[in-house]
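Quick note: the sequence shown, position 59, residue 128 per the working numbering, numbers continuous.
A short write-up of the structure that comes next.
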Amino acid sequence: MNVLSYDLLVTLSGAESIFAVDASGKSRRILTGSISGTAASFPSSGNFYADKGATVGRYGDRLFVGGAAANDGKSDRDDTPTDWLTAAMAATSIGGWAVWRATMAALSTVGASGFVGGSRTSDAVANTTALGSTPSSIGVSAWGIADSTSNPTAATAYGFYGEAWRLTGVNYQPTFVAEFDAVNLGGAASGQTTPYHPNTGGGVYGLQLASGGGQTSGVSDSEAAITIVNNNAAWKAGIVFGATALTGTDGADSGYGSAIMMAMRQGLSWATPETVQNVQGANTGAMIWSSVTTAANGQRIEFNDNGLLFENGSGNLLFAIAPNAAPNATLQIQAGSAQQAAGLYVNGGNDGSANMLLSCASGGNFMFDGAMVAANTSVPFTAAPAYGWLQAGVLVGGVWQQGRIPVFSATQAGG
70 MNVLSYDLLV TLSGAESIFA VDASGKSRRI LTGSISGTAA SFPSSGNFYA
120 DKGATVGRYG DRLFVGGAAA NDGKSDRDDT PTDWLTAAMA ATSIGGWAVW
170 RATMAALSTV GASGFVGGSR TSDAVANTTA LGSTPSSIGV SAWGIADSTS
220 NPTAATAYGF YGEAWRLTGV NYQPTFVAEF DAVNLGGAAS GQTTPYHPNT
270 GGGVYGLQLA SGGGQTSGVS DSEAAITIVN NNAAWKAGIV FGATALTGTD
320 GADSGYGSAI MMAMRQGLSW ATPETVQNVQ GANTGAMIWS SVTTAANGQR
370 IEFNDNGLLF ENGSGNLLFA IAPNAAPNAT LQIQAGSAQQ AAGLYVNGGN
420 DGSANMLLSC ASGGNFMFDG AMVAANTSVP FTAAPAYGWL QAGVLVGGVW
470 QQGRIPVFSA TQAGG
């Protein structure tokens with residue numbers, strides 16, 4: 070028997086013909102370019118790797134699915150913006166670059182999801198032997214690799230990038246670039262999440278920002294977990310917490326919800342706008358942080374309708390600054406420098422009082438501590454003080470002594 074020999078076609082143009090026999094036995098000629106229009110269905114082999122018997126499909130260049138199939142795939146990005154995303158982007162200042170630069174693009178034609186990825190931990194455990202290890206179940210994963218060493222370079226790497234557009238007249242529903250929605254159907258976690266134990270068994274987390282990628286060598290610290298920037302438009306607010314978003318309060322009750330939780334010696338810093346060594350903002354102008362090591366020494370700052378409250382860790386009041394809707398005299402606390410005394414100062418405003426009031430609770434004493442001079446010296450006044458005696462405690466020899474301060478009239482004191 071003669072065996073025919075044919076040249077191998079490495080690629081197909083779509084114009085080649087093949088012959089197939091249908092179920093009735095009739096032969097038909099089919100163009101290779103029409104075969105892809107028939108939905109292919111391959112049952113699972115039960116394997117994952119090609120050398121173990123899995124079927125692995127390959128496309129060497131690009132793949133457009135759904136609405137993206139209308140794109141001609143040409144090098145001129147705005148040549149024929151026939152798919153709906155390219156047409157929308159081409160009408161703006163940024164241009165229709167998304168599908169133009171995509172290796173694979175999927176655009177929904179019915180307004181549903183353009184792409185869905187999913188994975189289950191039960192499958193990971195069940196296939197540990199076949200895979201050679203137990204993988205993390207990741208629904209969608211992406212990498213952006215910055216490996217261009219040219220300097221300068223215009224290439225920037227993004228592991229993920231997305232945009233959400235709100236067009237004119239859309240006023241009823243909000244628009245989101247991304248939503249990460251944690252769904253806990255398993256009840257309370259077995260442990261508690263803290264800055265010292267950020268991941269706990271059974272914990273459900275909306276977003277985890279990690280640095281290092283699990284690499285064990287060659288990695289350096291990353292710059293920032295989150296940067297909020299202006300890309301030709303500003304944010305009206307950086308971070309907003311919904312009133313009912315946090316356990317412990319609904320935003321209108323007397324409870325408390327922890328919006329930000331940090332470890333000891335972590336805090337908030339404000340940079341100055343000055344430029345130092347060609348870097349603007351490298352200097353710190355203000356900081357708020359905690360170095361408290363035990364809860365027994367804890368402190369709180371609370372703003373409420375009664376003023377600014379300084380409390381201990383149990384919420385007991387230590388010090389308060391009362392609110393004033395229309396102050397015209399202010400109090401200044403100032404540290405001393407050189408020979409200037411540290412002290413309390415009254416700054417009088419328009420029609421404001423220049424007086425300073427120090428008031429004890431009923432039955433209380435004013436307590437004074439200072440050097441005592443000329444003890445037991447008689448006073449040159451014979452008349453009783455016009456306004457009586459001010460009860461005071463005076464520190465003498467390290468012991469508080471009960472004392473009285475005479476309050477004379479201006480006339481008695483000589484004017």
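For each residue, glycine too, the CB sits at the ideal point set by N, CA and C.
Neighbourhood of residue i by C-beta distance below 6 Å, restricted to the same chain and skipping five residues each side
i           : result
residue 85  : 101
residue 262 : 269, 272
residue 364 : 382
residue 350 : 340
residue 169 : 146
residue 369 : 380
residue 91  : none
residue 87  : 99
residue 474 : 459, 461
residue 278 : 294
Contact set for residue i: own chain, Cβ-Cβ below 7 Å, skip 5 residues either direction
i           : result
residue 404 : 411
residue 229 : 211
residue 245 : 233
residue 452 : 481
As assigned by DSSP and simplified to three states, the class of residue i
i           : result
residue 195 : helix
residue 122 : coil
residue 200 : helix
residue 104 : helix
residue 365 : helix
residue 260 : coil
residue 138 : helix
residue 172 : coil
residue 269 : coil
residue 190 : helix
residue 310 : coil
residue 77  : coil
residue 133 : strand
Close-in-space but distant-in-sequence residues of the same chain around residue i (CB under 8 Å, 5 per side omitted)
i           : result
residue 391 : 375, 376
residue 215 : 224, 225, 226
residue 429 : 435
residue 265 : 332
residue 188 : 206, 207, 208
residue 360 : 333, 334
residue 304 : 297
residue 259 : 269, 270, 271
Residue range of the alpha helix (DSSP H) that includes residue i
i           : result
residue 158 : 153–159
Run of the beta strand (DSSP E) containing residue i, from where it starts to where it stops
i           : result
residue 437 : 435–437
residue 389 : 386–390
residue 276 : Residue 276 -> no beta strand (DSSP E), and no H or E assigned at all.
residue 470 : 468–475
residue 212 : Unbroken run through residue 212: none, as it is neither H nor E.
residue 89  : 86–90
residue 408 : That residue, residue 408, is in no beta strand (DSSP E); it is neither H nor E in DSSP.
Residue i CB to nearest heavy atom of the ligand HEM below 8 Å
i           : result
residue 347 : With respect to small molecules bound, the structure shown includes none, and the ligand HEM cannot be examined in it.
Beta-bridge pairing of residue i - partner residues as DSSP gives them
i           : result
residue 414 : 401
residue 356 : 338
residue 371 : 378
residue 462 : 436, 471
residue 348 : 345
residue 235 : According to DSSP, which records beta bridges pairwise, residue 235 is partnered with nothing at all.
residue 98  : 88
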